[in-house]
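Engineer: Okay, handing you the structure first.
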Amino acid sequence: MRYGHFDDKQREFVITRPDTPLPWLNMLGQDEFYGLCTQTAGGYSFWKDARLRRITRYRYNNNPMDNDGRFLYVRHGKSVWNPGWKPSRTKLDGFECRHGLGYTNIVGRKDGIEVQQRVFIPPNENVEIWKVTVRNRTKQRQKLSLFSYVEFCFYEALNDMTNYQRTYSIGEVEIEGNAIYHKTEYRERRNHYTLFGCTRKIDGFDTSRDAFVGVHHGLHDPKAVLAGKCTNSHAYGWNPVGAHQVNLNLAPGAEETFAYVLAYVDQGDLPKFDAPFVINKTKGREVLKRYSDIAEIDRAFAAVKGRWDELLSNFTTPDAPNEHLRRMVNVWNQVQCMATFNLSRSTSGYETGIGRGMGYRDSNQDILGFVHLLPERARQRILDIASTQLSDGTCFHQYQPLTKKGNADIGGGFNDDPLWLILSTCAYIRETGDASILNEVCGYADKPGSKDTLLHHIETSIAYTLNNRGPHGLPLIGHADWNDCLNLNCFSKEPNESFQVTGDIAGSKAESVMIAGLFLYATRDLAALYGHLGRAEDKQRVEGYYGDMLKTVETQAWDGAWYTRAFDAQSRPVGSKACKEGKVFIESQAWCVLGGAGQDNGRAKKALQAVEKHLYHPKYGCALQWPPYSEYHLELGEVSSYPPGYKENAGVFSHNNTWIHIGWAMFGDGERALDYYLSICPSAKPDHDIYRSEPYVYAQMTASQFSPTPGEAKNSWLTGTAAWSFVVGSQYILGIQPDFNGLRIDPCVPKDWKGFTVQRKYRGVTYTIIVKNPKKKSKGIKTLVVDGKKVDGNVVPLPSDGRSSVTVEATLGA
Ligand code: BGC
Ligand code: NOJ
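3 is the number of the first residue of the sequence shown in the working numbering; add one for each residue after it.
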C-alpha cells in the first residue's frame, strides 16, 4: 500500500505520506470531550455535542481538503513548515502519522529538526493534550520558533458558521501568563469557557486571527509565522484564535518536551468573575498546573491506552485465520463501534455536527456492536432513545445528544424506527442477563413524567406496526424505512423542499416489505425474550403476530425470484421484475431472510442468490439495488435523485451488505460469508488510489459497479456498518453469540479453516473458546466440551459455581 500500513502489534495505522487520497481521520475521546484528527492534524474538538458545544472551528465547505486544525508551525531559518505537512505543505524530509486508539502521533522532520505532536484526550477529562517534542538531529546548535494554532468556535456551530453580523462582534478573550482564555458569551448565559495553554514559558502569543494569519493570508502562510514573531494581539470581536510562540535554542542532539492543553472548563458553582470582565480562572489554572508535569501527561496517556486494552479484552481472537477479519474484529471495528455509539451520525469528516444529531434507528443499531464493551452505557442509551418515542409509537427520527430532545424539524414517521428498540434491548439483555431494564420507567416524549416502562415502549412499537398496515397487510412505510431515501408518500417537485417530510398525502398507503422483515425479526426476538422470562402467554401472543406477518410476506411480497421491496402509494410494486428500473433491492432480501421468511419453500436461498446475481461484485460489495434509476421518480423520492451507482441509488451501501453476510452465515455458506465480508472490508482493499477512504474503518458507501467511479468510498466512520460488521465477524463468522442463557457457539467459516480461538469476557466470566475444524466443515457444532465436560447443544451454560474463567472446546462437524 502506497500510503501506509497496519501496525497490528501496536494497534496503530501508520501513515507514511501526508498526501493520502482523502483526509484519513482518527476519532479521539470517548466520554464527554471529543476530537477529530486527521493525519495532518486537521479537525476540531467539541464537548459532548458537536453542534451545541463546538470548541474549535472547522470550515466544512473545505471538505475534503481539511484545512482547519490543531497546528504547529516551525519557523527555522527561512523556512516555515508543519510537522503534519499542512497547512503550509512545505516539503518534509520525513513524515509519519500513527493513528492509535484514542490518540494520533504525528512526526515531521525537516533540515534536521524533528517535531513530534501526540494528540490525545485522557479518559473522563475535558482536555485535549498535545505532547510535543522538538529534537535537533543535527550536529550544530539550532534556533527555531514553534507556533501553535487553533481557531475558537463560539460553541453553537450553526450560528457560528452563519450569523457573522453577530459573531464578528462577540468574541472575547483573556490572556494570563501562557494561557489564552476564550470566553465568548461567558458574560451572559454561558457558564463555561475554553482554555488553550502551553506548559512551557512562551515568547509571544496572538489571539486575533487577523493579526496572526492576516486578512489576506491563509493558514498556509500566516503573517506572524512569516514574520517570525507573534504580535501579542488581543482579540475584540472578529475571529479569536489561540497561538503561542516558543523560541527554542537546541544544542546538537538535544530535545525539548512540553505540552499544549486545550480544555473545556465548566465553572460549576464557582463565582463567575474575579472582577468586572475578569473571569474566575481557578479551575483553568488547576488544569494547567496539573498538566505542566510531563509525568502526569504520560500517566494520562497511559490511561488512554490502558482503557482500550481493557475494552478490547472483552472480545479478542489471536489466531482467526484471516488477517483482515482478525484486525477488524480485534481492533478497528470495535474502535469504530465506540465512535458510532458516541457520535451516532453527528460528526465526522462528512457529517458536519450540525445536521443529524443522534439517529433513533442508528443509535439502536449501534448498540449491537457496542454493548459488549460498556453495557452500562448501552443501558442508559437505550432508555434515552426510548424517551424520544411518542406515546402513539412514532419516534423522533433524531435527537440532540446534549439535550436528549427530539429534533422537531425532521420529526417522526419513519416507520421502521420503533422496531429497532427491540433489537437493542434484546441485545443488551443477552449480553448482561439484566432484564430489569424492561421495568425501567422512561416516559414518552409527548408525555413527560409518564410512568411507562421500557417494556411498554416495546409493546407500543409492536402495536404501532400492527396498527399501521396497508392494502397488502404490510407495514406502512411512512416517510421512509431504513432506506431514508425511499420516500414513497412524499412527492417533492421543488429543489428547496425536504424529500422526506414534504407534503405527505394524508392517508397515503405505501408499504414496506423491509419493515415486514424487520417485524419478523423483532417479534422473534421478543418472543424468545418472553420465553426466557417465563411469560408463556406473551410469548404465544407475539408468536401469533410473527405467524401472521410471515403469511402476509409470503403471500404478498414474493416476486418470483426475490422479495419485492415495497408498494408505492398507488400500490404498485417497487423492486419487482415488473419495474423498468429498481427491480431488485437488497433490504427486503436481507430482512425477509433474517426474519425467517422463505425457510421451508426455498425462497430465502433464492433471495440471496438474486442478490449475488444482480447486486454483488466481489471487489466492491453488493449494490443497494439494480438497475439504478436513471431519472427522477416523483413517486419514489430521494432514492432516484442520486446519480446511478451512488448512495441509495444502487451504490454499495455497506451497512445493508452486512445483513446479507448474516444471511449466508445462516445458510452455512462459510466461503460466501467470508468473501462477502471481505468485499466491503476496508483493510482488504488492494488499491487506495481507487478506494480513497481510510483503510481501518468502514465507509458508508462505495460507488458501485454501476457508477463511473466503481470502488471509490465516501463517508467513512459514522455508519451502521460498524456495529453490524462486528456482529457479522464476532457472532456469525466466528460464531460467538450471546444468548439469554449463555454463549452460543455457532461459527460459519470457510471449510479450509482449521480452527481458531476467541477470548470473550461475558457476564463477569472469561471464556477461552477453542474452535476446531478437523472435518473441514463450515457450520454446525458436533461436540461442545466445557471445562472438560461434554455439554449437549451449542450453548455454554453460565457457570453456577462462581468460576471466573471457563475453557470451551467446540468441534465443528455435525
Ligand atoms: C439523507 C440522504 C442520505 C441518507 C443516508 C438521509 O437523511 O437525506 O441524503 O442519503 O440520509 O445517509
Ligand atoms: C444513513 C442513515 O443514518 C440511516 O439511518 C439510514 O438507514 C441509511 N443512511 C440508509 O438510508
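We treat Cβ as the ideally placed atom computed from N, Cα and C, and that holds for glycine.
If you draw a straight line from the alpha carbon of L94 to that of D212, how long is it in whole angstroms?
Structural biologist: Taking the straight line from one Cα to the other gives about 27 Å.
Engineer: Going by the beta-carbon positions, is the gap between T201 and F97 smaller than 9 Å?
Structural biologist: Going by C-beta atoms, T201 is not nearer than 9 Å to F97.
Engineer: If you draw a straight line from the C-alpha of N344 to the C-alpha of L800, how long is it?
Structural biologist: Their backbone Cα atoms lie some 30 Å apart in a straight line.
Engineer: Which of the three DSSP states, helix, strand or coil, is assigned to R72?
Structural biologist: Coil at R72, not helix or strand.
Engineer: In angstroms with no decimal places, state the Cα-to-Cα distance between E258 and Y170.
Structural biologist: Going by the C-alpha atoms only, they are around 38 Å apart.
Engineer: For L397, which beta-bridge partners are listed by DSSP?
Structural biologist: It should be pointed out that residue 397 corresponds to Cys in this sequence rather than to Leu. Bridge partners of C397: Q391.
Engineer: So what's A571 in DSSP terms, helix, strand or just coil?
Structural biologist: Reduced to three states, the DSSP call for A571 is coil.
Engineer: In terms of residues, what are the limits of the beta strand (DSSP E) holding F156?
Structural biologist: Looking at the DSSP string, the run of the beta strand (DSSP E) that includes F156 is Q144 to Y157.
Engineer: Among the residues of its own chain, which have a CB less than 6 Å from the CB of S642, if the five just before and after it don't count?
Structural biologist: Result list for S642: Y631, Y634 and H635, in chain order.
Engineer: In this structure, how does DSSP classify W661 when only helix, strand and coil are distinguished?
Structural biologist: Helix.
Engineer: With a cut-off of 6 Å, give the chain-ordered residues whose Cβ is closer than this to any heavy atom of the ligand NOJ.
Structural biologist: Listed along the chain, these residues meet the criterion: R347, G361, R363, D364, W484, N485, D486, C487 and E650.
Engineer: For C200, list the residues DSSP reports as bridge partners.
Structural biologist: Looking at the DSSP assignment, C200 forms a beta bridge with Y262.
Engineer: How should D845 be labelled, buried or exposed, when 16 other C-beta atoms within 10 angstroms of its C-beta is the threshold for buried?
Structural biologist: Outside the displayed span of the chain (3 to 816) sits residue 845, for which this structure offers no information.
Engineer: Using the DSSP secondary-structure output, state which residues sit across from K716 in a beta bridge.
Structural biologist: M703, per the DSSP bridge assignment.
Engineer: What residues are listed by DSSP as bridge partners for V586?
Structural biologist: Per DSSP, W628.
Engineer: Under the rule that 16 or more other beta-carbon atoms within 10 Å means buried, what is T566, buried or exposed?
Structural biologist: Label assigned to T566: buried.
Engineer: Using CA coordinates, which residue listed in K495, P752 and P242 is at the minimum distance from K778?
Structural biologist: Per the Cα distances, P752.
Engineer: Ordered along the chain, which non-local residues of its own chain (more than five positions away) have a Cβ less than 7 Å from that of D578?
Structural biologist: Residue 578 is actually Ser in this sequence, not Asp. If we look at S578 and ignore the five residues flanking it on each side, its Cβ neighbours are D561, T566 and K585.
Engineer: Mind listing, in chain order, the continuous beta strand (DSSP E) runs of no fewer than 3 residues lying wholly within the stretch 265-342?
Structural biologist: The stretch 265-342 contains these whole beta strand (DSSP E) runs: 275-277.
Engineer: Please state the DSSP three-state secondary structure of N366.
Structural biologist: Helix, per DSSP.
Engineer: Taking the straight line between their C-alpha atoms, what separation do you get for L638 and F156?
Structural biologist: Answer to the nearest angstrom: the Cα atoms are 40 Å apart.
Engineer: Going by alpha carbons, who is nearest to Q572 out of G653, Q118 and S510?
Structural biologist: It is S510 whose Cα lies nearest to the Cα of Q572.
Engineer: For a test of the three-state rule: what should DSSP assign to G104, helix, strand or coil?
Structural biologist: Reduced to three states, the DSSP call for G104 is coil.
Engineer: Measure the alpha-carbon distance for V175 versus I664 and round it to whole angstroms.
Structural biologist: Those two C-alpha atoms are separated by around 54 Å.
Engineer: Measure from the alpha carbon of Q247 to the alpha carbon of each residue in N241, Y75 and R762, then state which is nearest.
Structural biologist: Closest by alpha carbon: Y75.
Engineer: Going by Cα to Cα distance, which pick from K407, L468 and A447 is closest to Q421?
Structural biologist: Per the sequence shown, residue 421 should be read as Leu rather than Gln. Residue L468 is the option with its Cα nearest to L421.
Engineer: For a quick check, are the C-beta atoms of D276 and R363 less than 9 Å apart?
Structural biologist: Not closer than 9 Å, so no.
Engineer: Going by DSSP in three states, Y565 sits in which element: helix, strand or coil?
Structural biologist: In this structure, Y565 counts as strand in the three-state DSSP scheme.
Engineer: What are the start and end residues of the beta strand (DSSP E) that includes L250?
Structural biologist: Per DSSP, L250 belongs to the beta strand (DSSP E) from P242 to L252.
Engineer: DSSP three-state label for W49, please.
Structural biologist: Three-state DSSP puts W49 in a strand.
Engineer: Taking the beta carbon of I771 as the centre, do at least 16 other beta carbons fall within 10 Å, making it buried, or is it exposed?
Structural biologist: Burial call: buried.
Engineer: Confirm, please, whether the CB-CB distance from R91 to H222 is below 9 Å.
Structural biologist: Contact: yes.
Engineer: Return the first residue and the last residue of the beta strand (DSSP E) that Y764 is part of.
Structural biologist: That run of the beta strand (DSSP E) goes G757 to Y764.
Engineer: How about the stretch 515-523 and the stretch 465-484: do they share at least three Cβ pairs that are nearer than 8 Å?
Structural biologist: With the cut-off at 8 Å, the stretch 515-523 and the stretch 465-484 touch.
Engineer: Locate the beta strand (DSSP E) running through R56, then write down its first and last residues.
Structural biologist: Taken as a continuous stretch (DSSP letters only), the beta strand (DSSP E) holding R56 covers R56 to T58.
Engineer: Could you pull out every residue in the same chain whose Cβ sits closer than 8 Å to the Cβ of P710, ignoring the five residues on either side in sequence?
Structural biologist: G647, listed in sequence order.
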